[in-house]
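A.B. asks: In my numbering, the protein residues as written are 24 to 855. Ideal Cβ placement from N, Cα and C applies to all residues, glycine included. Every value quoted in this text rests on a predicted model; they were computed, and no experiment measured them. Have a look at this one.
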RNA sequence: GCCGGAGUGGCGAAACAGGCAUACGCGACAGACUUAAAAUCUGUUGAUCCCUUCUAAGGUCGUGCGGGUUCGAGUCCCGCCUCCGGCACCA
């Protein structure tokens, strides 16, 4: 056998053979238990980056391992192919987005194939293909017909650079998630999905996702932001209007000394119109509204406020309460108005001090924290924001905060002045985009019939791929393309206009995992039977950056589709793993930083197996991975070490059967102990905790053990034991480095793929050591070690311990008051 | 401020259930092979020497910091610090 490890030739040959033999195809009709292994599909940006290589290497180990364990594995790949970069590239390089995208897909598919990932390529698709987005449109109509998609004028986020609106989830700290430009607020008529209708379920059912990281669940819970409290209506004095506030602290209702409304509140006009200083008031409103919303409502911003001249009436005691306009009240949350309770809210306290408003204490801490009853008229230096016992609160005095909240909400409800209310941070999902390269929204506007959905049989509404000027103008490029826009009303046949906005690309990826279960279906997005066969995805993998966006949208879609009976499970992904980033010099790889390592160069120089092995070995999957050129060299060295080992042994063991003789020498028993305990560790590390780095280190120890054994004179070596060791080594290594293990497997004389072999069983008996080192401690400090046969009794261990000369030094002249024995591990003598 | 996660050699990291801290790899150093180098194989590699002494063993210290529980703590408990991520004038 050639001594040189020629990865170019090996990898190319096996990739071809695997594809030809259909080794990685998932079978719809197959009685074995199914296993759906999925990694987030890529956007075809041009080339793979190391982040891709990492997540797909992780997924491939799992897919291959599960196949060897006897599962019918679905491991598909496709393309999240609609999106802005295609348009930007089109503008910069004068190439059509369609062409740019498909060329990228062709290139990146080759890159994936060169890495040897075991995808079922028969199921591949791209979301920009009409055969896919036809069903995205179909699903849009499903939501529309069921009242879950609607069009409305609303204050929306506008990205001036991307020239489109964005969903709330796509705005990070006031900036566009994609390009970092500051987002502007503007009123526009837009399409929304009613995700808020599912807010409670999206929150409550997080508990069902026991295979998801707590981090992701916490982020989603945060994002949904459910807040339970009360709505309270304050009659406006002298007007036939009332002002509603939302509060979580109804127990502090008697402490209300003012009300603040947001400048955009719909009653602002009425409140200030007939006042003598109304022009000043208007100027104030205008001034506040002109401020950037993010800055205005930032925590450290100055709290500005101005009295409107109007008064509200307390719903329980009828007191007159001034109404102010304040910059710190968020118009879009709750009712856009808050009750001011300065004694028991830090923000209100600060605001009241600034504007000389009354501070009235109504909660006493006494019984809550056991501190002394504080004097009621003592002036507060800070707000008391904890729960307590009510004081100065009419009939509610002496109730606890908790009891009072309930009672007050109930009584207000009876009076018709409020009741319990739940608020969410989550907003409806704004899904329309003023851009070209996306799924057209299948809606027609008719002068007579209004908004008309395109009939299902007329789908897809094709995105024109020629003659489009797609430079962003703030409205969809389709607006000016008459062949697309001009149509006839599906209901009355009159000339009408198509919707020209396209859908947020997150919709494309919110159901793609279902399409993989049935990718060629021409009747439906997916057949129910096939979806039920494969769903939910057993193991899903991707970056943490999708914790809220993609992963919440998918849950929403899956719930909707389950509700409409298209699929049984309402959970898209059973287990989720979020892998860390690939860093170099401590920072994320990026072009601007110039610290990018091109996967193609690595596969060219070292081969796919080395690239995969390094990435899996360098770090546990969830953690960030620091790129290291030396580390890559090390992985390459290791594969060569395996190659040489087999090359040196192959002629000797080619015809050996791994039958183990009953009588073994100590060296053979030692080798088998290493081999079998390594396989045991690899199995556990992959199966139970995806700890690939430690699995690989166990295999390295196996190889080291074989090299040690190889030092023995050839005549004294047991070839059946070596044969067994080499076979187990290759099998355990197969999911990580599929090409080289396949090659060596054939060289050993096998005629079928190693990847079709069952995962190796280990012999627990063989994995156990004959002799163990037991640590002897005196008072918890290590004072000696003894070698004893495994499973020695407590008495034997104790005797061996006190016999140790060095131990005797420490116990001489002292009394042993206690002896702790951990079998096969440790003896601790406690002396005085 | 609230929520989640992390902090271990020169570096990436390991320690499964409270029981030898640093497995495995990188780097470094040394030996073998070689005319030589590379490659390869083998070995050494936490700090320290105030203390002991047999000079290569032994002691002592050591998992962000300070306490605690325990025969024994990287691991459990209490209190902090730092870093990363999410939410945040959300009423």
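Relative to the C-alpha of residue 227, which candidate in 578, 764, 660 and 123 has its C-alpha closest?
C.D. replies: Closest option to residue 227, Cα to Cα, is 578.
A.B. asks: Rounded to the nearest angstrom, what separates residue 515 and residue 523 at their Cα positions?
C.D. replies: For residue 515 and residue 523, the distance between alpha carbons rounds to 20 Å.
A.B. asks: Can you name the start and end residues of the beta strand (DSSP E) that residue 335 belongs to?
C.D. replies: Here the beta strand (DSSP E) through residue 335 covers 328 to 336.
A.B. asks: Going by beta carbon distance, what residues of the same chain come within less than 6 Å of residue 618, once the five residues before and after it are set aside?
C.D. replies: Within the same chain, residue 618 has close Cβ partners 607, 608 and 612.
A.B. asks: Looking at the unbroken alpha helix (DSSP H) that takes in residue 78, where does it start and where does it end?
C.D. replies: Counting along the chain, the alpha helix (DSSP H) containing residue 78 begins and ends at 73 to 91.
A.B. asks: Using the rule of at least 16 other Cβ atoms within 10 Å of the residue's Cβ for burial, across every protein chain shown, is residue 78 buried or exposed?
C.D. replies: Per the 10 Å Cβ criterion, buried.
A.B. asks: Quick one, are the C-beta atoms of residue 386 and residue 413 less than 8 Å apart?
C.D. replies: A contact, by the Cβ cut-off of 8 Å.
A.B. asks: Can you check which of these residues, 749, 463, 117 and 511, is closest to residue 472 by C-alpha distance?
C.D. replies: Of the listed residues, the one whose Cα sits closest to residue 472 is 511.
A.B. asks: Measuring only the C-alpha atoms, how far is residue 117 from residue 64?
C.D. replies: Rounded to the nearest angstrom, the two C-alpha atoms are 27 Å apart.
A.B. asks: Under 6 Å Cβ to Cβ from residue 565, same chain only, skipping five residues before and after it: list those, please.
C.D. replies: Once the five neighbours on either side are set aside, the close Cβ partners of residue 565 are 63.
A.B. asks: Go through the segment 273 to 320 residue by residue and report every complete run of the alpha helix (DSSP H) that reaches 4 residues or more, in order.
C.D. replies: You should have 291 to 295, 301 to 313 and 316 to 319.
A.B. asks: Can you tell which of 466, 456, 679 and 748 has the C-alpha that lies nearest to the C-alpha of residue 181?
C.D. replies: That would be 456, whose Cα lies nearest to the Cα of residue 181.
A.B. asks: Leaving out five residues on either side along the sequence, give the residues of the same chain with a beta carbon under 7 Å from the beta carbon of residue 683.
C.D. replies: Excluding residues within five positions, the ones whose Cβ falls inside 7 Å are 743, 744 and 747.
A.B. asks: Quick one: using the 10 Å Cβ neighbour count with 16 as the cut-off for buried, is residue 350 buried or exposed?
C.D. replies: Buried, by the Cβ-count rule.
A.B. asks: Please identify the residue among 445, 225 and 195 whose C-alpha is closest to the C-alpha of residue 207.
C.D. replies: Among 445, 225 and 195, the Cα nearest to that of residue 207 is on 195.
A.B. asks: Taking residue 366 and residue 343 to be in contact with their CB atoms under 8 Å, please state how far apart those CB atoms are, rounded to whole angstroms.
C.D. replies: At roughly 19 Å, the Cβ-Cβ gap does not stay under 8 Å, so residue 366 and residue 343 are not in contact.
A.B. asks: Mind checking whether residue 70 and residue 130 have CB atoms under 8 Å apart?
C.D. replies: Yes, the pair counts as a contact, with Cβ atoms nearer than the cut-off.
A.B. asks: Do you know how far the Cα of residue 670 is from the Cα of residue 664?
C.D. replies: Taking the straight line joining both Cα atoms gives about 10 Å.
A.B. asks: Kindly indicate the opening and closing residues of the beta strand (DSSP E) around residue 583.
C.D. replies: Where residue 583 is concerned, there is no enclosing beta strand (DSSP E), although the alpha helix (DSSP H) it sits in stretches over 572 to 586.
A.B. asks: Measure the CB-CB distance between residue 137 and residue 758 and report whether it falls below 8 Å.
C.D. replies: No. Outside cutoff.
A.B. asks: What did DSSP end up calling residue 622 once you bin it into helix, strand or coil?
C.D. replies: In the structure shown, residue 622 sits in a helix (DSSP, three-state: H, G or I).
A.B. asks: What ranges does the beta strand (DSSP E) occupy inside the segment 817 to 851, keeping only unbroken runs of at least 3 residues that lie completely in it?
C.D. replies: Runs found: 839 to 845.
A.B. asks: Can we say the segment 458 to 475 touches the segment 279 to 290, given the rule of at least three CB pairs closer than 8 Å?
C.D. replies: Output reads no: the segment 279 to 290 does not touch the segment 458 to 475.
A.B. asks: Excluding the five sequence neighbours on either side, which residues of its own chain have a C-beta within less than 8 Å of the C-beta of residue 678, listed in chain order?
C.D. replies: Here the set comprises 772.
A.B. asks: With DSSP as the reference, identify every bridge partner of residue 452, one or two as the case may be.
C.D. replies: Its beta-bridge partners are 216.
A.B. asks: Along the chain, which unbroken stretches of the alpha helix (DSSP H) at least 4 residues long are found entirely within the segment 215 to 275?
C.D. replies: List check, alpha helix (DSSP H) in window: 222 to 227 and 237 to 247.
A.B. asks: If you run the structure through DSSP and keep just helix, strand and coil, what is residue 391?
C.D. replies: Only weak support exists for where residue 391 lies, its pLDDT of 43 falling under 50; the coordinates are left without a value.
A.B. asks: Under a Cβ-count criterion, where at least 16 other Cβ atoms within 10 Å of its own Cβ denotes burial, should residue 396 be classed as buried or exposed?
C.D. replies: Confidence is the limiting factor: at residue 396 the pLDDT is only 46, short of 50, which leaves the residue's position unreliable, though a coordinate-based value still follows. Flag for residue 396 reads exposed.
A.B. asks: What residues match up with residue 599 in a beta bridge as DSSP calls it?
C.D. replies: Paired residues: 563.
A.B. asks: DSSP on residue 396, reduced to helix/strand/coil?
C.D. replies: Per-residue confidence for residue 396 stands at a pLDDT of 46, beneath the threshold of 50, marking its modelled position as unreliable; the derived number appears in the next sentence. Residue 396 falls in the coil class under three-state DSSP.
A.B. asks: Short of 7 Å in beta carbon distance, which residues of its chain neighbour residue 139, apart from the five on each side in sequence? Order them along the chain.
C.D. replies: Same-chain partners within the cutoff: 34, 38, 631, 761 and 762.
A.B. asks: Rounded to whole angstroms, what is the Cα-Cα separation between residue 530 and residue 548?
C.D. replies: Looking at the two C-alpha atoms, the distance is approximately 14 Å.
A.B. asks: Does the distance from the C-beta atom of residue 128 to that of residue 149 stay below 8 Å?
C.D. replies: It is a contact, given that the beta carbons lie within the stated cut-off.
A.B. asks: Helix or strand or just coil, what does DSSP make of residue 491?
C.D. replies: DSSP places residue 491 in coil when its eight states are reduced to three.
A.B. asks: With a CB to CB cut of under 7 Å and the five nearest residues on each side skipped, what residues in its chain are close to residue 483?
C.D. replies: For residue 483, where only same-chain residues beyond five positions count, the Cβ hits under 7 Å are 153, 156, 157 and 160.
A.B. asks: Figure out for me which residue from 551, 191 and 99 has the closest Cα to the Cα of residue 247.
C.D. replies: Per the Cα distances, 191.
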